[in-house]
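Protein sequences appear in the order of chains A and B. Under this note's numbering, the first residue of the first sequence is numbered 1, with each subsequent residue one higher. Under this note's numbering, the first residue of the second sequence is numbered 1001, with each subsequent residue one higher. Idealized CB from N, CA, C, for every residue including glycine. Have a look at the structure below, then the notes.
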Amino acid sequence: MITRARVLEALATVRDPELDEPITSLGFVGSCVVTDGGDVDVHLRLPTPQCAPNFAFLMAADARAAVRTVPGVGKVGVVLDDHYTAAEINAAIGAGGGFAAAFPGEGSGDLEALRELFRRKALLARQGRVCAMLLEGGELDHAAVAGLRVADLPDHPEVARSLALRRELGLPCQRDAPGLVAGDGSPIPAGDLAMWLRRARLVGLSLESNGGLCRSLLRVRHGVPDPTEEVAA
Amino acid sequence: MYEKNGEKYFVLDSHLHFWDASPENWAKGNEQYAKGWIECFHAYQGLGPPDTHWSLEHFQKYSVEDFEKDVFTDGYVDKAIFQSTYLREWYTNGFNDIRQNAALLDRFPGKLIVNGRWDPREGDAGLAQLAADHEQYGLQGVKLYTAEWRQGSRGWTLADPEARRFLEKCEELGIKNIHVHKGPTIWPLDKDAFDVKDVDIAATSHPELNFIVEHVGLPRIEDFCFMATQEPNVYAGLSVVVGGLMHARPRFFAKVMGELLFWVGEDKMLFGSDYAIWEPRWQIEGLVDWDYPDDTFSDFPRWTTAAKKKVLGLNAARLYGVEVPEELQLDAGEGTPAAPDDAQLVEGAA
């Protein structure tokens, strides 16, 4: 029988395209109801009614697709609450339509290019954290880190997610591929590593601070507890 | 003027408002947007210290006396720049248009600078209005809100051909300071909504103009930083950076400050309170007291007394030709504020 826990598990595979974090841990799933008959009703809520419609659409569409993969699932309803384009998005998602169907004349294509851009940013940020981790002990210098292969990388969630992103982006990720790669899949030259790391850290900060703002606003608007809050406001 | 530990700081608040978002001013048929807008701002105020929070009713509309107390009496501000924001589709008389703002000029002589605005979608009539506003108010700057809705359009970009005419008009009239708000929801909706690429294009084509990116493209500061290292006439407007992060997320704030000081540099960062979202007082006190929390930040530039003086007022004073009393200027050997060529210092680092 289909359970709520199983549905939430499926929803946890859906990520905010920008933050590269599961919508479940971000607090974006407002409610999730599963009937005895296996019908599922999910409500999503975002930090502000003005969140970018493109990201809102991607998350709602991905959520519906993820729930539909749960074996034995009945009717699936995914509703975005309290957003300035909620009506358009909900109508298109309900009918299984794409972004262009939600906003005829207001977009010029599908959202895959946007998704790819943010996958690339997420990859750079996560590889930067892996690189900082490798340099931390002081045992490895820049040349040693730049020379590592995938097989040499430690068993760590950041590494696993980096490799998953590389796979999704079609970048090399086999065991003998470079441990850290540039956007075209080539290795990072040892001499460029310091500046590459600065860039990666900045991109990582951008993604993190966005996530931080989202959580703060969710707490203020919906009373969602924020585990990363630094100071109680 | 703010004084702490014997140091005196000239404070030029480069970004504040005197708005009316009370229900009486909500445009018929668009009430939900007018209401949503101000409630969104009010939620942002929640990111400041609790003793600076206002009731929603007070936040919707505050008096001239409130403004004077919060900004000049308690707020240390020597001079302030109004950034006019129209939003006439949502607010009948505008959110804070140039007339509303200019009405305060006589009340506080020598304390206020009023910036205008333009919108390329208004065409020739908009160009004429800009010239008229300039004649009446002697504009030195404008605030551009590229995400503003107008007659079914959800926004525009600085790279649009129509926008070029307005930028050329600014050059011709000597309106040198172009403040650009970079926020969400811009057309077309499927594109990256916070894109700052259009500022890059405009800054390259108009080297005589200064482009101050308000809110530094937050949350996408990386795109802004990479651009600012390459464009000597691009500046960082710190409104929202200080108000939204310094109290609520001190660690994030430290990282953001460190990155801005590294990529953009202390000569090109301008303090702005974004009042009435946040009161200036706690932001100014906090900025002067602020330092990196620990030695994991050792590879970022230091937040020196000279840097504080530049960011709090001297950089903006230079861009706006504001005279600063001798005793509030930098001491010999502390450098010069807001020098475009200083971008060279970090350019090699990009």
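The ligand PLP heavy atom lying under 8 angstroms from the CB of residue i
| i | result |
| --- | --- |
| E1148(B) | The ligand PLP is absent from the structure shown, which contains no ligand whatsoever. |
Cβ-based burial, residue i [other Cβ within 10 Å; buried from 16]
| i | result |
| --- | --- |
| T1185(B) | Note that T1185(B) scores a pLDDT of 43, beneath 50, so its modelled location is shaky and nothing firm can be said. |
| A1316(B) | buried |
| R15(A) | buried |
| A1254(B) | buried |
| T1146(B) | buried |
| A200(A) | buried |
| K1028(B) | exposed |
| L156(A) | The residue asked about is misnamed: residue 156(A) is His in this sequence, not Leu. Exposed, since its Cβ has fewer than 16 Cβ neighbours within 10 Å. |
| H1058(B) | exposed |
| C1291(B) | Contrary to the premise, residue 1291(B) reads as Asp rather than Cys in this sequence. D1291(B) should be labelled exposed. |
| A102(A) | buried |
| K958(B) | Because chain B is modelled from 1001 through 1350, residue 958(B) falls outside the range shown and cannot be assessed. |
| A1132(B) | exposed |
| K1197(B) | exposed |
| V33(A) | exposed |
| N1115(B) | buried |
| L1112(B) | buried |
| S1273(B) | buried |
| P71(A) | exposed |
| E9(A) | exposed |
| P49(A) | buried |
| L1189(B) | At L1189(B), the pLDDT of 49 sits below 50, so the modelled position is not reliable; the number obtained from the coordinates is stated separately. Counting Cβ neighbours within 10 Å, L1189(B) comes out buried, since at least 16 surround it. |
| M59(A) | buried |
| A92(A) | buried |
| Q1283(B) | buried |
| G1348(B) | Legend: pLDDT at G1348(B) = 39, less than 50; position of this residue unreliable, no value from coordinates given. |
| L1218(B) | buried |
Bridge partners - residue i, DSSP secondary structure assignment
| i | result |
| --- | --- |
| K1143(B) | H1179(B) |
| D16(A) | E21(A) |
| W1026(B) | Y1091(B) |
| E1007(B) | K1004(B) |
| A1080(B) | D1013(B), L1112(B) |
| T1085(B) | N1096(B) |
| D1070(B) | D1070(B) pairs with nothing; no bridge assigned. |
| P187(A) | V181(A) |
| R1150(B) | S1153(B) |
| D1020(B) | K1061(B) |
| R308(A) | Nothing can be reported for residue 308(A): it is not among the residues displayed for chain A, which extend from 1 to 233. |
Below-9 angstroms beta-carbon distance, residue i vs any chain D residue
| i | result |
| --- | --- |
| I1277(B) | Reference to chain D is not applicable here, since the protein chains of this structure are A and B. |
Continuous beta strand (DSSP E) stretch holding residue i: start and end
| i | result |
| --- | --- |
| K997(B) | Only positions 1001 to 1350 of chain B appear in the structure, and residue 997(B) is not among them; the question remains open. |
| I1212(B) | 1210–1214 |
| V1114(B) | 1112–1115 |
| G1237(B) | 1234–1237 |
Residue span of the alpha helix (DSSP H) that contains residue i, given as start and end
| i | result |
| --- | --- |
| N210(A) | 193–222 |
| S1205(B) | 1197–1205 |
| L163(A) | 157–168 |
| T1304(B) | Counting along the chain, T1304(B) falls outside any alpha helix (DSSP H), and DSSP gives it neither H nor E. |
| G1382(B) | No statement about residue 1382(B) is possible, as the shown extent of chain B runs from 1001 to 1350 and does not include it. |
| I1038(B) | 1031–1045 |
| F1059(B) | 1056–1060 |
| V7(A) | 4–11 |
| V1311(B) | Counting along the chain, V1311(B) falls outside any alpha helix (DSSP H), and DSSP gives it neither H nor E. |
| A146(A) | 142–146 |
- Within 8 angstroms of chain A by C-beta, residues of the region 1255–1282 of chain B in sequence order: K1255, V1256, E1259, F1262, W1263
Which residues, taken in chain order from the region 1146–1167 of chain B, show a beta carbon closer than 8 angstroms to some beta carbon of chain A?
-> R1154
- Message: What ranges does the beta strand (DSSP E) occupy inside the region 17–85 of chain A, keeping only unbroken runs of at least 3 residues that lie completely in it?
- Response: 29–34, 40–45, 76–81
| Which runs of the alpha helix (DSSP H) fall wholly inside the region 90–119 of chain A and span at least 4 residues, in chain order? | 99–102
* Asked: Mind listing which residues of the region 1039–1067 of chain B have their C-beta closer than 7 angstroms to chain A's C-betas, in chain order?
  -> C1040, A1043, G1046, L1047, P1050
*Going along the region 49–60 of chain A in order, which residues come within less than 9 angstroms of chain B, judged by CB to CB distance?*
P49, Q50, C51, A52, P53, N54, F55, F57
### Task
Return the chain-ordered ranges of every beta strand (DSSP E) run that is complete within the region 1222–1286 of chain B and spans a minimum of 3 residues.
1234–1237
Members of the region 1287–1308 of chain B near chain A, C-beta cut-off 8 angstroms:
none
Below 7 angstroms between beta carbons is the criterion; list the residues of the region 1221–1239 of chain B that meet it against any residue of chain A, in chain order.
-> I1221, E1222, C1225
Inset, instruction - Report the residues of the region 1098–1109 of chain B with a CB closer than 9 angstroms to any CB of chain A, ordered along the chain. - result: none
Check your understanding: If you measure beta-carbon to beta-carbon, which residues of the region 1017–1040 of chain B are closer than 7 angstroms to chain A?
Key -> G1036, C1040
Compile a chain-ordered list of the residues in the region 27–38 of chain A whose CB is closer than 9 angstroms to at least one CB of chain B.
none
Original post:
Between the region 1116–1140 of chain B and chain A, which residues of the former have CB atoms less than 8 angstroms from a CB of the latter, in chain order?
Top reply: none
Query - Residues within the region 138–165 of chain A neighbouring chain B, beta-carbon criterion of under 7 angstroms - result: none
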